[in-house]
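Asker: The numbers in the numbering used here rise by one with no breaks, and the one at position 362 of the sequence shown is 348.
For every residue, glycine included, the Cβ atom is placed at its ideal position computed from N, Cα and C.
Quick one: structure below, then a few questions.
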Amino acid sequence: MKISLYNNKYLVSFMLLVFVMPAYFLRIPIALNIYRYLGFACMLILFLFVIKSKKISPPFLWIYGFYGVSFLTTLINKGELWLFFCENYASFSLCILFALMLENNPKILFKATKVFDAYVYINLITMLIFPKGMYIVTNEPHWFLGYKNILSRIMLPILCLALIRAYYFFGKLKINTIILIVCAVLTIILAGSATALVGFAVFALFLFLFHNKKKRLPKIFTLFTGLIVTVAAFFALMFFNLQKYFSFIIESLLGKDLTLTNRLAVWNMALDKIIHKPFFGYGYLTGNQYVDMFGRDSYTHPHNYFLYIFMTGGILLAVILFAGYYYANKTLKSSIDTVYSKIIMFTLIAFLIMGLTESLVSTVLMYPVLILAMYAGKLRHQADVPKIV
-13 MKISLYNNKY LVSFMLLVFV MPAYFLRIPI ALNIYRYLGF ACMLILFLFV IKSKKISPPF
47 LWIYGFYGVS FLTTLINKGE LWLFFCENYA SFSLCILFAL MLENNPKILF KATKVFDAYV
107 YINLITMLIF PKGMYIVTNE PHWFLGYKNI LSRIMLPILC LALIRAYYFF GKLKINTIIL
167 IVCAVLTIIL AGSATALVGF AVFALFLFLF HNKKKRLPKI FTLFTGLIVT VAAFFALMFF
227 NLQKYFSFII ESLLGKDLTL TNRLAVWNMA LDKIIHKPFF GYGYLTGNQY VDMFGRDSYT
287 HPHNYFLYIF MTGGILLAVI LFAGYYYANK TLKSSIDTVY SKIIMFTLIA FLIMGLTESL
347 VSTVLMYPVL ILAMYAGKLR HQADVPKIV
């Protein structure tokens, strides 16, 4: 029987649900195994379509390079290859799925992403029913989609896809999209993550100011500029202790403590480790391995996205990451007058800002959004409606 992918909304929807597994099912061994076996099967199906396509475009090269180097550095350091695979196969497969669909039929992909809306509603219901947590892990409340910091890393890409879907098919925001936005924002507020609140605030502010096609972005306002600025901001925070000049904003408006004392300590430890293995890093490390390395139970990762990249794959992986952002930046710049490119760029910049104090682990949808950015120009030519707003 011939398997259709590019015109099969239900198959794509199924794959999306399989690859984005709610954290709650990690607690149920049978459910976890079912998700993994289905995920492996879906990944093999995607590989068949990749082989059949016989085309290697820059986005595919970036996917193979980024995940391939991460695997290679883990292998060189004699790391846990099975754990690396279990942690990364979903994100890798989603990148492949997005690339295949965006090259062949973006319309079906965007229709299929509507299944993610259910995750937002279910998670919010669990938060309202169990305000102190649906279950507790290491004294921290978790809900259907997981811990408070992880929620934003799922909600933000889902909102990005929902906004694109609304404009792509209808040329405006529909009531169901507005309801989804309200539920996602309420989720982040109830979760109480300062990092997530800042990321969402930045995303909302940029979208409010510039989503209209008549509101042109300053030429200097690009994805790559955002990447450079966040890297510079990290060094400013680390070496010049500048957080004292803006922390009052977060503390007064959001009632959240932005003390970075603990962050500075783990950043220094991570930098010291990176200096010892600058080119290839340490490969994929589990939370427990980071705890053993840093000597503190709360240091399960470096608490900074760029340090995490250097710890995982050293300079080599960092160069590949920057190359991906550079390519995505070129595509976004060429189509920045469309609302799609603006939404994608604001989403990625919000992720970069959240990455200042978080490693962005357990983020299966961030790199697929980067792949989406690499195909932003294609949306401009294949949208069903005129450019809008």
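#1: Please classify Glu126 as buried or exposed, where buried requires at least 16 neighbouring CB atoms within 10 angstroms.
#2: In its own chain, which residues sit with a C-beta less than 7 Å from the C-beta of Met224, not counting the 5 before and 5 after it?
#3: Take every Cβ of the region 335 to 343, pair it with every Cβ of the region 62 to 72, and state whether three or more of those distances are shorter than 8 Å.
#4: The beta strand (DSSP E) that contains Ile122, what's its start and end?
#5: DSSP three-state call for Glu344: helix, strand or coil?
#6: If you scan the region 154 to 226 from start to end, which runs of the alpha helix (DSSP H) of 4 or more residues do you find wholly inside it?
#7: Is the beta carbon of Ala314 closer than 9 Å to that of Pro288?
#8: Would you report the Cα separation of Ala190 and Lys64, rounded to the nearest angstrom?
#9: Could you give the DSSP three-state label for Gly299: helix, strand or coil?
#10: Across the region 131 to 148 and the region 176 to 185, are there enough close Cβ pairs to call them in contact, namely three or more that are closer than 8 Å?
#11: How far does the alpha helix (DSSP H) with Glu73 in it reach, from first residue to last?
#12: Do Tyr75 and Met29 have their CB atoms nearer than 9 Å?
#13: Among Thr211, Leu58, Leu86, Leu358, which residue has its Cα nearest to the Cα of Leu34?
#14: Identify whether Tyr133 lies in helix, strand or coil by the three-state DSSP scheme.
#15: For Ser284, count neighbouring C-beta atoms within 10 Å of its own C-beta (all shown protein chains included) and say buried if the count is 16 or more, exposed if not.
#16: I need the straight-line Cα distance from Thr349 to Leu80, nearest angstrom please.
#17: Is there contact here, the region 323 to 330 with the region 148 to 162, by at least three beta-carbon pairs under 8 Å?
#18: Less than 8 Å between C-beta atoms, sequence neighbours within five positions excluded: which residues of the same chain meet that for Gly241?
#19: When the Cβ atoms of the region 328 to 339 are set against those of the region 110 to 125, are three or more pairs found closer than 8 Å?
#20: Please say whether Phe296 and Ala309 have beta carbons closer to each other than 9 Å?
#21: Would you mind working out which of Val4, Ala98, Leu209 sits nearest Leu377, comparing C-alpha positions?
#22: I'd like to check one pair, Tyr107 with Ile140: are the Cβ atoms closer than 9 Å?
#23: Run through DSSP, which three-state label would Pro264 get?
#24: In the structure shown, what three-state DSSP assignment does Pro117 receive?
#25: Give a yes or no on whether the C-beta atoms belonging to Lys259 and Ala98 are separated by under 9 Å.
#26: Quick one: Cα of Leu159 to Cα of Phe265, how far?
#27: When you compare each of Lys201, Val171, Tyr268, Trp129 to Leu61 by their alpha carbons, which one comes out closest?
#28: Roughly how many angstroms lie between the CA atoms of Pro387 and Ala219, to the nearest whole one?
#29: Counting C-beta neighbours from all protein chains within 10 Å, is the total for Ser56 16 or more, i.e. buried, or is it exposed?
#30: Would Tyr353 pass as a contact of Glu89 if the rule is Cβ separation under 9 Å?
#31: I believe Ile339 touches Val355 by the beta-carbon criterion, under 8 Å. Please report the beta-carbon distance rounded to the nearest angstrom.
#32: Applying the 10 Å Cβ sphere with the 16-neighbour rule, what's the burial state of Ile49?
#33: May I have the straight-line CA-CA distance separating Leu193 from Leu2, to the nearest angstrom?
#34: With DSSP as the reference, label Leu240 as helix, strand or coil.
#35: How would you label Ile161, buried or exposed, when you count the other beta carbons within 10 angstroms and need 16 or more for buried?
#36: If we ignore side chains and look at the alpha-carbon of each, how far apart do Met7 and Phe130 end up?
Answerer: According to the data block:
#1: Translated into positions along the sequence shown, residue 126 becomes position 140. Classification for Glu126: exposed.
#2: On the sequence shown, position 238 is the one that residue 224 refers to. Same-chain partners within the cutoff: Leu250, Trp253.
#3: no
#4: For the purposes of this step, residue 122 is taken as residue 136 along the sequence shown, with counting starting at 1. Note, Ile122: beta strand (DSSP E), 121 to 123.
#5: For the purposes of this step, residue 344 is taken as residue 358 along the sequence shown, with counting starting at 1. Reduced to three states, the DSSP call for Glu344 is coil.
#6: 161 to 177, 180 to 196, 209 to 226
#7: By 1-based counting over the sequence shown, the position of residue 288 is 302. By 1-based counting over the sequence shown, the position of residue 314 is 328. No Cβ-Cβ contact shorter than 9 Å links Pro288 with Ala314.
#8: Within the sequence shown, the letter at position 204 stands for residue 190. Within the sequence shown, the letter at position 78 stands for residue 64. Going by the C-alpha atoms only, they are around 43 Å apart.
#9: Taking the sequence shown and counting its residues from 1, the one referred to as residue 299 is at position 313. Of the three classes helix, strand and coil, the one that applies to Gly299 here is helix, per DSSP.
#10: yes
#11: In the sequence shown, counting from the first residue as 1, residue 73 sits at position 87. Per DSSP, Glu73 belongs to the alpha helix (DSSP H) from 67 to 90.
#12: Walking along the sequence shown from the start, residue 75 turns up at place 89. Walking along the sequence shown from the start, residue 29 turns up at place 43. For Tyr75 and Met29, yes; Cβs fall inside 9 Å.
#13: What you label residue 34 is simply residue 48 of the sequence shown in a count that begins at 1. Sorting Thr211, Leu58, Leu86, Leu358 by C-alpha distance to the C-alpha of Leu34 places Leu86 at the top.
#14: Numbered from its first residue, the sequence shown carries residue 133 at position 147. Tyr133: strand per DSSP, three-state reduction.
#15: Position 298 of the sequence shown, counted from the first residue, corresponds to residue 284. So Ser284 counts as exposed.
#16: Locating residue 349 in the sequence shown gives position 363, counting from the first residue. Locating residue 80 in the sequence shown gives position 94, counting from the first residue. Cα to Cα, the separation comes out at about 11 Å.
#17: yes
#18: If you number the sequence shown from 1, residue 241 lands on position 255. Because Gly241 sits at a pLDDT of 45, beneath the cut-off of 50, its placement in the model cannot be relied upon, and the point is left open.
#19: no
#20: Walking along the sequence shown from the start, residue 309 turns up at place 323. Walking along the sequence shown from the start, residue 296 turns up at place 310. Contact: no.
#21: With the chain covering -13 to 375 only, the question about residue 377 has no answer from this structure.
#22: Numbered from 1 along the sequence shown, position 154 holds the residue referred to as residue 140. Numbered from 1 along the sequence shown, position 121 holds the residue referred to as residue 107. Not a contact, by the Cβ cut-off of 9 Å.
#23: Within the sequence shown, residue 264 is the residue found at index 278, counting from 1. In this structure, Pro264 counts as coil in the three-state DSSP scheme.
#24: Along the sequence shown, read from residue 1 onward, the residue named residue 117 stands at position 131. Three-state DSSP puts Pro117 in coil, outside helix and strand.
#25: Numbered from 1 along the sequence shown, position 273 holds the residue referred to as residue 259. Numbered from 1 along the sequence shown, position 112 holds the residue referred to as residue 98. Result no, Cβ atoms of Lys259 and Ala98 do not sit closer than 9 Å.
#26: For the purposes of this step, residue 159 is taken as the residue at position 173 of the sequence shown. For the purposes of this step, residue 265 is taken as the residue at position 279 of the sequence shown. About 46 Å.
#27: For the purposes of this step, residue 61 is identified with residue 75 of the sequence shown, where counting begins at 1. Answer by Cα proximity: Tyr268.
#28: Residue 387 is absent from the structure shown; the chain starts at -13 and stops at 375.
#29: On the sequence shown, residue 56 is found 70 positions in, with the first residue counted as 1. Classification for Ser56: buried.
#30: What you label residue 353 is simply residue 367 of the sequence shown in a count that begins at 1. What you label residue 89 is simply residue 103 of the sequence shown in a count that begins at 1. Taking 9 Å as the Cβ cut-off, Tyr353 and Glu89 do not qualify as a contacting pair.
#31: For the purposes of this step, residue 339 is identified with residue 353 of the sequence shown, where counting begins at 1. For the purposes of this step, residue 355 is identified with residue 369 of the sequence shown, where counting begins at 1. At roughly 14 Å, the Cβ-Cβ gap does not stay under 8 Å, so Ile339 and Val355 are not in contact.
#32: Your numbering for residue 49 matches position 63 in the sequence shown. Buried, since its Cβ has 16 or more Cβ neighbours within 10 Å.
#33: As a first step, residue 193 must be located in the sequence shown, where it is residue number 207. As a first step, residue 2 must be located in the sequence shown, where it is residue number 16. Distance between the alpha carbons of Leu193 and Leu2: 26 Å.
#34: Translated into positions along the sequence shown, residue 240 becomes position 254. Because Leu240 sits at a pLDDT of 44, beneath the cut-off of 50, its placement in the model cannot be relied upon, and the point is left open.
#35: Along the sequence shown, read from residue 1 onward, the residue named residue 161 stands at position 175. Ile161 is exposed by the Cβ-count criterion.
#36: Residue mapping note: residue 7 aligns to position 21 of the sequence shown, counting from 1. Residue mapping note: residue 130 aligns to position 144 of the sequence shown, counting from 1. In a straight line, the C-alpha of Met7 is about 10 Å away from that of Phe130.
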